[in-house]
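Participant: At position 91 of the sequence shown (counting the first as 1) the number is 91 in full-length UniProt numbering, and the numbers step up by one without a gap. Submitted below is the structure of interest, expressed as structure tokens.
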Amino acid sequence: MEHGDDPSWGRREESQKPYTIRRKPLSPKTVSYEPIYVETSNGTASNNGIWRPREETNLIANAESEFSNTSRSIKPSSKSQISTSYTDVNASHGLLKPTENVKVAGIDEERNNKGCVAASWRPTWLRPLVLALFASLFLFLAVALAAMLWYSTNNNGLFESRQSLLHTYLWRFGPTAFLTILTIFWARVELQAMLYMPWISLRSGPSLGESDLALDYTTMLLPLVFSRSFRRRHYLVFLVASISALLKAQIVLAPGLYSLTELQVTRPIDILLQDTFESVIPETTYTPDASVYYRARAQYDFSVDYPYGVADGFAFQTFYTGSDFSRGTVANPVTATVDGLFLDTQCVKLNSYAILEQHNIANYQGRGLYMNFTVELQFDGCEEPVIVPHFAAWPSLRLNATFWGLQTDSNVGRPCSGLPLQAPAFLYHNGVFKLRSDNSSEYLHPPAAVICEPHAWLSKVQVTDDGVKPKVMAVYDERRPLSTPNIMTMFNNSLPPKDIWHADTVSGWTGPLSVDLRFRGHATTEFPDVVTTDMLQGSSQNITRRLGPFASHYHLRQKESSSGSGTSLQRVVRLTINPKICLAMIALFIFNTGITAFLLWRYYHHTSVWHRDPAKLLGNSMFLSNHPDIANRAAGIKDPSPDWNSGAFTPLVLKTTSRVVFCIFTILLASSLVVTLRHSETSDGLATIEEDGYLHLMWTSFPATIALGVSLYISSCDWSYRDLAALYRLSRATCSSCDLDRSLLDMLGLRALYYSLRYRLWSVTVSQSLALVCGILTSLVSVIFTVEVIPGLTPAQFQQKTWFQIRDNVGYELDYTAKQEMFNGLWTRREEGSLTYPENTFDNLLFHNFESMDTLNPSKNLSVAFTTPATKVESQCTQLSEDTYDISHYNTTTTNGTVAYHAAVVVTFCDPGNDKPRRIKKDIDLGRTDPADPLGSIYFSGMLQTQANPVVDGCMLESQLAHSNLTTALYPTYVWGAFDPAQNNFSFVAVWTCKYSWVEVNAETNLVFSDGRLAIDPENPPRPDMASMRPLDPTLDLNTWFAMYPEVNLGGTRDQFKGVEGPFRPLIKPYGMLDMSAFGDEGQQADVMQNIYHNYALSSAQLANVVNRKPIIAESGPSPAPVVEATVYDNGRRRLVQNPTITYIVVGILGAVILFNIWALVSALIRRCGGGDSWLLDMDARGLAPDGFHSIAAAASLLRNSNVATHLPPGSEMMPSDEVHGHMHGLGFRLGWFRRECDQTRHYTVGVMGDPAFNYMGVRRSSKRASAGSFRKESVLG
């Protein structure tokens, strides 16, 4: 409870012998006043109503002479008035002129200026050093913010940080907390400026008006402070309050000053180059590798990503970072400048031709027409013609006689200025002999011919490797020619076996033109009837452009490590500064600096108000005792009159109405935070926030403004409690002189908290504690809301637009074969580049197309999730036991003694629909042993293709089964193993039979936008639910193995891997993932089966997507069209999220504030109902002091009739505080009613306890106040 009336306290004080000072008896005759004349601006003397007691002149003179700048002592005279002399040059700055004889008016001005000692005491926070420190700090902050803004703008932020909740809060909370602390310190300047402004005015000019004497800024609201201070030209108060308001505005802006931004910065890094293209590759080292063709075609048909080291149009050096040979990542790509190998083909066209000689034989050796002719070809840009001999025979005169030629550089005449002449060239020509209309003779249709020179060069390229899809661009136009062997030979070794042409000649369509046409998906039936020169040139250049980068990558790259340097684009989080907010705060700090500097200059000599603090009760007593003239003037103030003994004034913030309104507001605020937190947790945030603009101020500065209002109210309550604490304690207990010389309002928070605990002023303790806690409330609220990316979901429906139907024409056509071959490239080297699957497919899954997806906005980061039926080929495989098949082997010896091995497999097979078993035989040519390892194992594999035919019943020959296209289910039987020549027996054999059929499964699928269209998300692939698998109804035709697999050469000798057949070859490295030894490893049977099944299922799904997809129309397809329920996710949705931890802390603080105010309201209610307040912890501030009680008039009103002045030691205003308190040790002081025994009048004042001439009667609440006036004397019965 608060310190109440404690009788024992008074007895303890009274039991001590008081220190008394000898004074003359209090009598009207002992004190007389004489005027002090002050020289006015016009040179006349005026007393201005200022009076000094004559009797005390001697004491004052003695006291003042103690602090004189001279060593001369002044002795008092008992017969005459004491006149004092001062040599202090600053004497003119004294508050009042000392008492002098009337004759002093005739003394010159110089002598008058020596009349008093200069004021030496300044308020702590108004000292020039303090103001200079504030001005320096404001200037430093302005310069620091300007430097940070410049650095942040030019360096993409200030420094690196972490994108975490802790760091986000730190950079919002930190600036706000710093400015809050700065505002707290500046509030001391504001308080002392308001408190001492009347004294400063009195110091500047003693002739204050009544309104100035009654002025008290500390009890005014801020708008009133601005108005009155500006009107009265109290610019110190006006400007200091302005800075305080600006600092509060900066607190509101501070949460938005800094932000964490994710940026990409470039940093140097060491790289390790893995290869080079500088070395010349011998032509004989070109190992046949058809993966060049198939990888190029997969990229052309399906936009498969390039393997690392290949780009569009060239190959480049590969590089890694670190000792672990790691590449860049999407988050941290690595950029380096390396060598790029470019290939190009330049051609010269045929200009003219001539047949030099021609010999025809009608039926040469029964083979038909024989022609022997020589053609002379003249090319543009070639100085010499090319002579080309030809001979050939055709079986019939009725057929067109077509001839082809492809000759290497050795047969091409030189020079040709139209060619670079840097690499071997080739001649590619075609001609047709046609019969005339009368069949009389042949004539040569205009031939087509080109001379082309493929050449290579090196040039620097810039590669940015993100580990997925490197971005490459040429940086230099400098070319370094690269000497290479015949590039066409390299291309020829990169083709499938059926497309390879023989050296120097081509037969039929075999050659660059046919390769180019097949590459672009043309069937043989689509080949042109007439070949032109432009076709030959275009095909030669197309092969170079499409196969060149891959051929360079696989054939010309040489392993050679070397070091290099590059840069790493690293994704970092940097602390950035908001330009607009920063500029606003810089302007405010500069404004604060200017104001503070002006105050320092303008009020440098004016803040020394007196010899000691005149604003505290003890200082008031000293000042008024030394200047009773001011007390008399204050007594003459009629309106408004400070009423100490009967007033009912309560500070605005402590009034019941204010507390009720604030309590309701705080309850609503805390409840709102709880409700919004609940909504944030259940709704993934409070609102969706756009990325652009300054809307973020709504959840940073606006909540901070509300929190600042709560904090300011609590601070105002604390201000009022601390302001009244000294008077409250005086009214409840006996206090010492130290207590009169101490003000809790003028203390910093922790010191005030300490004294409140020491004095048991619990209201001050609680309010000060809440004020300290609420000091961080603004900082906490500034980080209570954050923006997070939380995907939003919206339900949607999509209607199916397509379905899958069996082909109308299931005959085996050449264009169907071309479609099958189109997917061969998907089998080879899949690990070297991610595959971009065609629309509505993913790997071996086939999906329907849906409408209404085009209505979604591709500019947003949207995705669609739904569960939809997916079509795929499913396998059911069983390993056959040894009793269901027979395998045998035999060998043959060639004429040169080489041994060739053969095997025969016979499998018993039950054809569906036919109960009678059939035996199917498979002969396998195992080939010959490796000359380098004649005793090594020979691996083999093959397939017995069988199928169920729904149209033809009964037994069918295997040859028929292999080419039928009518099946909806396929029953292949696979056999593989290893043969040991040393043991002349099989070391391992595996036989598996499978059923392939179409099924339907439900798959969870996610779609994302790619190039403006929704596509299956490769980062989140479909997840089929195998438990939902069911036969596809209606089913689809299932393509056979014919033309389904790529033709590849496994290397080695011609017959070394002869036993590995068709679909098994692409499984072997480098085309697939398996080693050749997998065919002899029992533990890898599942890997072999999975790989061969996956390749077939992948090609089947992709082929069905092309040939079996049909639109749903009225005439065909399901009716009505199925509808799929889907969810559309907005993955870029930025939601405003409320932090639970911060919310709980803020609600806890607000809860304490609410309890504090409820406590105060209940206390007020109990008092009004007549209850005692001994147990209440709230200070009863009502009527404790009048409004404006810090004014000079209010102090004079309270102390005018006090006996404190009679107990002051002589010259106390010039003494150090410790000395004064030592002289007054043992004296007790109370605020209440005192009775002057000489005239039996009572006065409400602060008096000294134990003075028999001035007895304490009690506090005002224990005395009758009905007829008591502010200053009126009344008789009291003894």
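C-beta: ideal position from N, C-alpha, C; glycine also. Since this is a predicted model, take the numbers as computed values, not measurements.
Which of the three DSSP states, helix, strand or coil, is assigned to residue 1179?
Facilitator: Residue 1179 sits at position 1179 when you count from the first residue of the sequence shown. Three-state DSSP puts residue 1179 in coil, outside helix and strand.
Participant: State the Cα-Cα distance for the pair residue 920 and residue 271, rounded to the nearest angstrom.
Facilitator: Position 920 of the sequence shown, counting from 1, holds the residue named residue 920. Position 271 of the sequence shown, counting from 1, holds the residue named residue 271. Each residue's alpha carbon lies about 59 Å from the other.
Participant: Residue 626 and residue 247: beta carbons closer than 9 Å?
Facilitator: Locating residue 626 in the sequence shown gives position 626, counting from the first residue. Locating residue 247 in the sequence shown gives position 247, counting from the first residue. Taking 9 Å as the Cβ cut-off, residue 626 and residue 247 do not qualify as a contacting pair.
Participant: Return the residue from the list 1198, 343, 466 that minimises the CA-CA distance to residue 730.
Facilitator: Counted from its first residue, the sequence shown places residue 730 at position 730. Of the candidates 1198, 343, 466, the one whose C-alpha sits nearest the C-alpha of residue 730 is 1198.
Participant: Please state the DSSP three-state secondary structure of residue 220.
Facilitator: Within the sequence shown, residue 220 is the residue found at index 220, counting from 1. DSSP places residue 220 in coil when its eight states are reduced to three.
Participant: For the alpha helix (DSSP H) that contains residue 340, what are its first and last residues?
Facilitator: Your numbering for residue 340 matches position 340 in the sequence shown. Careful: residue 340 lies outside any alpha helix (DSSP H), inside the beta strand (DSSP E) at 334 to 361.
Participant: Can residue 359 and residue 342 be called in contact, C-beta distance under 9 Å?
Facilitator: In the sequence shown, residue 359 corresponds to position 359, counting from 1. In the sequence shown, residue 342 corresponds to position 342, counting from 1. No. Outside cutoff.
Participant: Please report the residue range of the beta strand (DSSP E) in which residue 290 lies.
Facilitator: Along the sequence shown, read from residue 1 onward, the residue named residue 290 stands at position 290. Note, residue 290: premise wrong, no beta strand (DSSP E); not H, not E.
Participant: Could you check if residue 1262 is buried or exposed, using at least 16 other CB atoms within 10 Å of its CB as the buried criterion?
Facilitator: What you label residue 1262 is simply residue 1262 of the sequence shown in a count that begins at 1. Legend: pLDDT at residue 1262 = 43, less than 50; position of this residue unreliable, no value from coordinates given.
Participant: Tell me whether residue 591 counts as near the ligand MG, meaning its Cβ is closer than 8 Å to at least one heavy atom of that ligand.
Facilitator: In the structure on display, the ligand MG does not appear, and there are no ligands present to speak of.
Participant: If the criterion is Cβ atoms closer than 9 Å, does the pair residue 1158 and residue 202 meet it?
Facilitator: Numbered from 1 along the sequence shown, position 1158 holds the residue referred to as residue 1158. Numbered from 1 along the sequence shown, position 202 holds the residue referred to as residue 202. For residue 1158 and residue 202, no; Cβs fall outside 9 Å.
Participant: May I have the straight-line CA-CA distance separating residue 82 from residue 632, to the nearest angstrom?
Facilitator: Position 82 of the sequence shown, counted from the first residue, corresponds to residue 82. Position 632 of the sequence shown, counted from the first residue, corresponds to residue 632. Low confidence applies here, because residue 82 scores a pLDDT of 30, under 50, leaving its location unreliable; read the following figure in that light. If I take the Cα positions, the gap works out to 24 Å.
Participant: Among the residues of its own chain, which have a CB less than 8 Å from the CB of residue 149, if the five just before and after it don't count?
Facilitator: Here residue 149 refers to the residue found at position 149 of the sequence shown. Hits under 8 Å: 577, 579, 582, 583, 586.
Participant: What do you get for residue 1160, buried or exposed, if any count of 16 or more other CB atoms within 10 angstroms of its CB means buried?
Facilitator: The count along the sequence shown starts at 1 and reaches residue 1160 at position 1160. The residue in question, residue 1160, is buried, as its Cβ has 16 or more Cβ neighbours within 10 Å.
Participant: Whole angstroms are fine: how far does the CA of residue 145 sit from the CA of residue 711?
Facilitator: Here residue 711 corresponds to residue number 711 of the sequence shown, with the count starting at 1. Here residue 145 corresponds to residue number 145 of the sequence shown, with the count starting at 1. Those two C-alpha atoms are separated by around 26 Å.
Participant: Taking residue 800 as the reference, give the member of 1072, 870, 1247 with the closest Cα.
Facilitator: Stepping through the sequence shown from its first residue, residue 800 is reached at position 800. For the residues 1072, 870, 1247, the minimum Cα distance to residue 800 belongs to 870.
Participant: For residue 1077 and residue 936, what's the separation of their Cα atoms in angstroms?
Facilitator: Within the sequence shown, residue 1077 is the residue found at index 1077, counting from 1. Within the sequence shown, residue 936 is the residue found at index 936, counting from 1. Whole-angstrom Cα-Cα distance: 11 Å.
Participant: Over the uninterrupted beta strand (DSSP E) stretch that includes residue 316, give me the two end residues.
Facilitator: The residue given as residue 316 occupies position 316 in the sequence shown. Run containing residue 316: 314 to 316, per the beta strand (DSSP E) assignment.
Participant: Quick check on the DSSP output: the beta strand (DSSP E) that includes residue 270 runs from which residue to which?
Facilitator: Taking the first residue of the sequence shown as 1, we reach residue 270 at position 270. Run containing residue 270: 258 to 276, per the beta strand (DSSP E) assignment.
Participant: Starting from the C-beta of residue 1100, find all residues in its chain whose C-beta is less than 7 Å away, skip the five residues before and the five after it, and write them out in chain order.
Facilitator: Here the question's residue 1100 lines up with position 1100 in the sequence shown. Cβ neighbours of residue 1100 beyond the five flanking positions: 873, 1038, 1039.
Participant: Between which two residues does the beta strand (DSSP E) holding residue 870 run?
Facilitator: Within the sequence shown, residue 870 is the residue found at index 870, counting from 1. Note, residue 870: beta strand (DSSP E), 862 to 879.
Participant: In its own chain, which residues sit with a C-beta less than 6 Å from the C-beta of residue 1057, not counting the 5 before and 5 after it?
Facilitator: Within the sequence shown, numbered from 1, the residue matching residue 1057 stands at position 1057. Cβ within range, chain order: 1050.
Participant: For residue 1282, count neighbouring C-beta atoms within 10 Å of its own C-beta (all shown protein chains included) and say buried if the count is 16 or more, exposed if not.
Facilitator: Since the displayed the chain opens at 1 and closes at 1278, residue 1282 lies outside it and no answer follows.
Participant: How many whole angstroms separate the CB atoms of residue 776 and residue 1139, which I take to be in contact at a CB cut-off of 8 Å?
Facilitator: Start at 1 with the first residue of the sequence shown, and residue 776 comes out as number 776. Start at 1 with the first residue of the sequence shown, and residue 1139 comes out as number 1139. With a Cβ gap of about 15 Å, residue 776 and residue 1139 do not count as contacting.
Participant: Is it right to say residue 1033 is buried, meaning 16 or more other beta carbons lie within 10 angstroms of its own, or is it exposed?
Facilitator: Looking up residue 1033 in the sequence shown gives position 1033. Counting Cβ neighbours within 10 Å, residue 1033 comes out exposed, since fewer than 16 surround it.
Participant: What does a CB cutoff of less than 8 Å around residue 999 pick up in its chain, not counting 5 residues either side in sequence?
Facilitator: Start at 1 with the first residue of the sequence shown, and residue 999 comes out as number 999. Closer than 8 Å at Cβ, skipping near neighbours: 871, 872, 873, 874, 1029, 1030, 1031, 1032.
Participant: Quick one: what's got a C-beta closer than 6 Å to residue 402's C-beta in the same chain, skipping five residues either side?
Facilitator: Counting from 1 along the sequence shown, the entry for residue 402 is found at position 402. Once the five neighbours on either side are set aside, the close Cβ partners of residue 402 are 432.
Participant: Out of curiosity, what's the CA-to-CA distance linking residue 742 and residue 644?
Facilitator: By one-based count along the sequence shown, residue 742 stands at place 742. By one-based count along the sequence shown, residue 644 stands at place 644. Answer to the nearest angstrom: the Cα atoms are 20 Å apart.
Participant: Would you mind sorting residue 890 into buried or exposed? The rule is 16 or more other CB atoms within 10 Å of its CB.
Facilitator: If you number the sequence shown from 1, residue 890 lands on position 890. Label assigned to residue 890: exposed.
Participant: Tell me whether the beta-carbon of residue 832 lies closer than 9 Å to the beta-carbon of residue 308.
Facilitator: Working through the sequence shown from its first residue, we reach residue 832 at position 832. Working through the sequence shown from its first residue, we reach residue 308 at position 308. Contact flag set, yes.
Participant: Among 1234, 1242, 1240, which has the Cα closest to the Cα of residue 1248?
Facilitator: Taking the first residue of the sequence shown as position 1, residue 1248 is located at position 1248. When each option's Cα is compared against that of residue 1248, the closest is 1234.
Participant: Using C-beta distances below 6 Å, list every residue in its chain close to residue 976, excluding the 5 sequence neighbours before and after it, in chain order.
Facilitator: Taking the sequence shown and counting its residues from 1, the one referred to as residue 976 is at position 976. The residues are 941, 990, 1079.
Participant: Rounding to the nearest angstrom, what Cα-Cα distance links residue 463 and residue 817 in this structure?
Facilitator: Mapped onto the sequence shown, residue 463 falls at position 463. Mapped onto the sequence shown, residue 817 falls at position 817. When rounded, the distance between both Cα atoms is 39 Å.
Participant: In this structure, how does DSSP classify residue 1259 when only helix, strand and coil are distinguished?
Facilitator: Translated into the one-based positions of the sequence shown, residue 1259 becomes position 1259. Three-state DSSP puts residue 1259 in coil, outside helix and strand.
Participant: Run through DSSP, which three-state label would residue 762 get?
Facilitator: As a first step, residue 762 is located in the sequence shown; it is residue number 762 there, counting from the start. Residue 762 falls in the helix class under three-state DSSP.
Participant: Are the stretch 721 to 740 and the stretch 664 to 677 in contact at 8 Å, needing three or more beta carbon pairs?
Facilitator: Flag = no, the stretch 721 to 740 and the stretch 664 to 677 do not touch.
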